[in-house]
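So the sequences go chain by chain: A and B. Heads up: the first sequence at position 120 corresponds to 120 in our numbering, and the numbers run straight through without jumps. Heads up: the second sequence at position 529 corresponds to 652 in our numbering, and the numbers run straight through without jumps. To start, the structure itself, in structure tokens.
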Amino acid sequence: MRVLIGLVFVILLIFFLANQSIENQKKVLKPSELLMFEKKNLVRVLGNVRNMRIANSGNDSFFFEFELTDDVASIKTVFSGYKPELLQEGIKAIVDGDWHSGTLYAASVLTQCPSKYEPKKIN
Amino acid sequence: MIAKIGWAFLFASFCSFILGFILQFFKAKFIDDKNIITTAFFLCLSAYLTLVLSFVLDKFYVYAVYQYSEVDLDLIYKIAASWSGMHGSLLLWTTVLVLFIYLGVKNFELKKLDSIFIYFSAIFLTGLSLFLVNPFQYVTVSGSVPADGLGLNPLLHNGFMLAHPIFTYLGLNSSVYLVLKNSSERQANKIDNLEAFGWICLTVGIFLGGIWAYLELGWGGYWAWDPVENSSFIPWLSYTAYLHLFKYKAGEKYRKFLAYLTHFFAIFGTFLTRTGFVQSVHTFSNSEMGWYLKFYVFFALILTFYNFLTAIRKQEKTQNRFELLMSLQTLTFVFYALSILWGVLYGPLADLLFGEQVILGIPFFDAISLPYWGILLSIMPFGFLYRSSGETRGTLVSVIASFIIAIKAYWSFDSISSIDAIFIAIFCFNTICYTLKLFRSKTSDQVLLLLVHFFVILTGVGIFFSYNKKIEINLRLERDNPKELFNHIIVFKGIEVEKNRIFEEVKAKILIDNKLVKPASRYYFKKNQVTAEIGLVTEIKKDIYISLVEIAEDGETVAVKVYFNPWVILVWLGITGLLVSYTLYRIHGYFRL
Numbered sequence: 001m002r003v004l005i006g007l008v009f010v011i012l013l014i015f016f017l018a019n020q021s022i023e024n025q026k027k028v029l030k031p032s033e034l035l036m037f038e039k040k041n042l043v044r045v046l047g048n049v050r051n052m053r054i055a056n057s058g059n060d061s062f063f064f065e066f067e068l069t070d071d072v073a074s075i076k077t078v079f080s081g082y083k084p085e086l087l088q089e090g091i092k093a094i095v096d097g098d099w100h101s102g103t104l105y106a107a108s109v110l111t112q113c114p115s116k117y118e119p120k121k122i123n
Numbered sequence: 124m125i126a127k128i129g130w131a132f133l134f135a136s137f138c139s140f141i142l143g144f145i146l147q148f149f150k151a152k153f154i155d156d157k158n159i160i161t162t163a164f165f166l167c168l169s170a171y172l173t174l175v176l177s178f179v180l181d182k183f184y185v186y187a188v189y190q191y192s193e194v195d196l197d198l199i200y201k202i203a204a205s206w207s208g209m210h211g212s213l214l215l216w217t218t219v220l221v222l223f224i225y226l227g228v229k230n231f232e233l234k235k236l237d238s239i240f241i242y243f244s245a246i247f248l249t250g251l252s253l254f255l256v257n258p259f260q261y262v263t264v265s266g267s268v269p270a271d272g273l274g275l276n277p278l279l280h281n282g283f284m285l286a287h288p289i290f291t292y293l294g295l296n297s298s299v300y301l302v303l304k305n306s307s308e309r310q311a312n313k314i315d316n317l318e319a320f321g322w323i324c325l326t327v328g329i330f331l332g333g334i335w336a337y338l339e340l341g342w343g344g345y346w347a348w349d350p351v352e353n354s355s356f357i358p359w360l361s362y363t364a365y366l367h368l369f370k371y372k373a374g375e376k377y378r379k380f381l382a383y384l385t386h387f388f389a390i391f392g393t394f395l396t397r398t399g400f401v402q403s404v405h406t407f408s409n410s411e412m413g414w415y416l417k418f419y420v421f422f423a424l425i426l427t428f429y430n431f432l433t434a435i436r437k438q439e440k441t442q443n444r445f446e447l448l449m450s451l452q453t454l455t456f457v458f459y460a461l462s463i464l465w466g467v468l469y470g471p472l473a474d475l476l477f478g479e480q481v482i483l484g485i486p487f488f489d490a491i492s493l494p495y496w497g498i499l500l501s502i503m504p505f506g507f508l509y510r511s512s513g514e515t516r517g518t519l520v521s522v523i524a525s526f527i528i529a530i531k532a533y534w535s536f537d538s539i540s541s542i543d544a545i546f547i548a549i550f551c552f553n554t555i556c557y558t559l560k561l562f563r564s565k566t567s568d569q570v571l572l573l574l575v576h577f578f579v580i581l582t583g584v585g586i587f588f589s590y591n592k593k594i595e596i597n598l599r600l601e602r603d604n605p606k607e608l609f610n611h612i613i614v615f616k617g618i619e620v621e622k623n624r625i626f627e628e629v630k631a632k633i634l635i636d637n638k639l640v641k642p643a644s645r646y647y648f649k650k651n652q653v654t655a656e657i658g659l660v661t662e663i664k665k666d667i668y669i670s671l672v673e674i675a676e677d678g679e680t681v682a683v684k685v686y687f688n689p690w691v692i693l694v695w696l697g698i699t700g701l702l703v704s705y706t707l708y709r710i711h712g713y714f715r716l
């Protein structure tokens, strides 16, 4: 009986994990690949940051706007969350968000800056 | 010279472990294991202290010193710089691991297979530091000895970050002591002080990391389910499960398995951190070390699996409801740890098996955490209630009272969702149960254990509400022009500039209800890097957290991000209380014995 309960517990768990994984998985794309879709939710896009600016959205509020590029194509990205300290022109960024109407609405932006953490190459 | 001395110490330590391994393998016992390991440990420790000394003395021809230190650093940061990069931190990791091997071997006799694994671990890690990521490499720049180093990562200029790695390494590597203890024939049936110390260190390490992220990174949170955060949280879960195994008889047979599992998780965390196996904001190197570490991790995995099979083969009938409850709790901890591991590995596995570029982000970890914490927190008070008989009335009263409070809260406040109401019921259930039990407690031990669990609940309340009810607002502020935000008056009063030899800081003076905060932007000269320093007003019900985004050229306007984080103080109080009460519980037990 106990083995049976254990088995049911494990099966339920696997089902739960599989369900959550499918529901929450994000496709990792490049900007040029994302352009092939008209609309796509829950995506992760890797690219270089270009033309970054702070834009007003009225009521004393603001958001960030920049282009994310993979040298083949670039996409407009807007973001109102916390700007990582290293987010600046030319940096490689990982953007999670939803893509529609030709704009990537970022929910989070991470920067990858190997030079910050990796040792400098020495001859 | 100092580099050669350091390397020689490490090499001697490596050779001692090889000698021990050979003697163990061929059962040649003319030198005692304990003597070999003691020698190897002190040699390894000497190597690390030599590295620290080269940081203190500014020996920039030593690779690690050149990469991560500079002349103008304060002494304390020079010492901290020794573990700030890949090379020094791996040597520290190895030294701490060898320390726990030394402590374990001092107390316990080992079985052959386990001792081969232990020797292998030590040889492998000292070998990595010697031949692959050697911090003592000799450096010249354009043919001459560098006069200064490249400097410490600006984000590490923080007191919490000084202690965080030390505690985390102590906690993670103490898992090898669990393996040693459970490999021995002569193991006590109680949690010993070193096991408790390891768990306390790991908890302190994670806690300090959270505070550092909150105060230094400026994004208004303390936990982001980053793979590196997960790699310390996963072993914490299995370590916690391991400690609970001592509380019930049926748990005995799983101890060795959970000891190995915790150690495997600790090694695996290092593998994730050091090799760039998964995308992380923390990942600080993609080195060729990955291949070697994979082999080591695989070896640990096989031994863990072997111990799992051995454990489940031992048949034992559990009739008692307390034992069943504790078994369910252990299972929940282990499955929770495995589920997080699944989330971390999902991307690399999908890539490997199907060529699909996918990942699981924060929503996945949030979604799976709710039911696990729901189960763990719900069964926690039953553990106390079922330990003694005749508590049915108390249980019934607690459950009914909790549900009444939760339903009342759900109907009274629009902002409370059904999930919130369930957790309110769980929190109330725990609090009522512990209060009832507290009045019936006869010994200080019982009171302290109740307090430990009460603080777990307090932390849970803090995490639940600060995580779910956070509000963030982007705001532009003009000088001397007050803005009202959720009944708080916010005024920008101008900027202030401060400069020292390491960085220049531009601060925005902001009054929040007449309390002055100075969120700032700091520019580090040597690293050519800007970091944000936050402004924080802590109230009991919430934190008002401000990070500076931009200052207009004329200095008359600033753009800031304002976070209202409810009940964060409960997280800090809860974890501090948990650590203090558990430490007191251990000290009390020690003196009583």
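All C-beta atoms, glycine included, are put in the ideal place defined by N, C-alpha and C.
- Using a Cβ-Cβ cut-off of 8 angstroms, A/D96 counts as an interface residue toward chain B, since at least one Cβ of chain B sits closer than that to its own.
- Put simply, the CB of B/R444 is far from chain A, with every gap to its CB atoms at 8 angstroms or more.
- Using a Cβ-Cβ cut-off of 8 angstroms, A/N24 is close to L483, G484, P486, F487 and A490 of chain B, given in chain order.
- If you check the CB distance, B/I596 and B/I613 do not come in under 8 angstroms.
- Residues of chain B with a Cβ closer than 8 angstroms to the Cβ of A/S80 are, in chain order, N597.
- For chain A, the residues of the stretch 655-678 of chain B that bring a beta carbon within less than 9 angstroms of one of its beta carbons are A655, S670, V672 and E673, in chain order.
- Contact with chain A is absent for B/S212, since none of that chain's Cβ atoms lies less than 8 angstroms from the residue's Cβ.
- Taking the beta carbon of B/Q452 as reference, no residue of chain A falls within 7 angstroms; the closest one sits roughly 13 angstroms away.
- With respect to chain B, the C-beta atom of A/I11 has no partner C-beta closer than 8 angstroms.
- If you draw a straight line from the Cα of B/K379 to the Cα of B/Y495, it is about 24 angstroms long.
- B/A423 sits close to B/I390, with the two beta carbons spaced by under 8 angstroms.
- Rounded to whole angstroms, the separation of the alpha carbons of B/F144 and B/F243 is 7 angstroms.
- Taking 8 angstroms as the threshold, the shortest C-beta distance from B/W359 to chain A does not fall below it.
- Leaving aside the five residues that flank A/T103 on each side, the residues in its chain whose CB is nearer than 8 angstroms to its CB run, in chain order, I75, K76, T77 and V78.
- A Cβ-Cβ separation of about 11 angstroms leaves B/V302 out of contact with B/L220 under the 8 angstroms criterion.
- A direct Cα-to-Cα measurement between A/L7 and B/P258 gives close to 50 angstroms.
- For B/Y469, the chain A residues whose Cβ falls inside 8 angstroms of its Cβ are S21 and Q25, in order along the chain.
- Counting C-beta pairs closer than 8 angstroms gives fewer than three between the stretch 568-575 of chain B and the stretch 515-533 of chain B, which falls short of the contact rule.
- For the stretch 679-698 of chain B, residues whose beta-carbon sits nearer than 7 angstroms to a beta-carbon of chain A comprise A682 and K684.
- Note on geometry: alpha-carbon atoms of B/S212 and B/F247 lie some 15 angstroms from one another.
- Counting every other CB atom within 10 Å of its CB across the protein chains shown gives B/K150 a total below 16, marking it as exposed.
- A/I91 has a beta carbon lying at 8 angstroms or more from every beta carbon in chain B.
- If you look at B/Y469, you'll find it in the alpha helix (DSSP H) that goes R444 to F477.
- Within the DSSP bridge table, the entry for B/W348 names no partner.
- Relative to the Cα of B/R444, the nearest Cα in the group B/A473, B/A460, B/V420 and B/A373 belongs to B/A373.
- Per DSSP, reduced to three states, the secondary structure at B/I547 is helical.
- In the assembly as shown, B/H210 is a buried residue. Its beta-carbon has 16 or more other beta-carbons within 10 Å.
- In the structure shown, B/R563 adopts helical secondary structure according to DSSP, grouped into three states.
- Counting every other CB atom within 10 Å of its CB across the protein chains shown gives B/N637 a total below 16, marking it as exposed.
- Pairing B/F615 with B/R645 gives a Cβ-Cβ distance that is not under 8 angstroms.
- Contact of A/R44 with chain B is assigned, a C-beta pair being separated by under 8 angstroms.
- In this chain, the beta strand (DSSP E) harbouring A/F64 covers F62 to T69.
- Separation of the CB atoms of A/L29 and A/V45 is rounded to 5 angstroms, and the pair is thereby assigned contact status at 8 angstroms.
- By the Cβ rule, the stretch 642-661 of chain B counts as touching the stretch 276-283 of chain B, because three or more pairs are nearer than 8 angstroms.
- Residues of chain A whose Cβ lies closer than 7 angstroms to the Cβ of B/F458 are, in chain order, L13.
- Per DSSP, A/H100 is one residue of the beta strand (DSSP E) stretching across K92 to H100.
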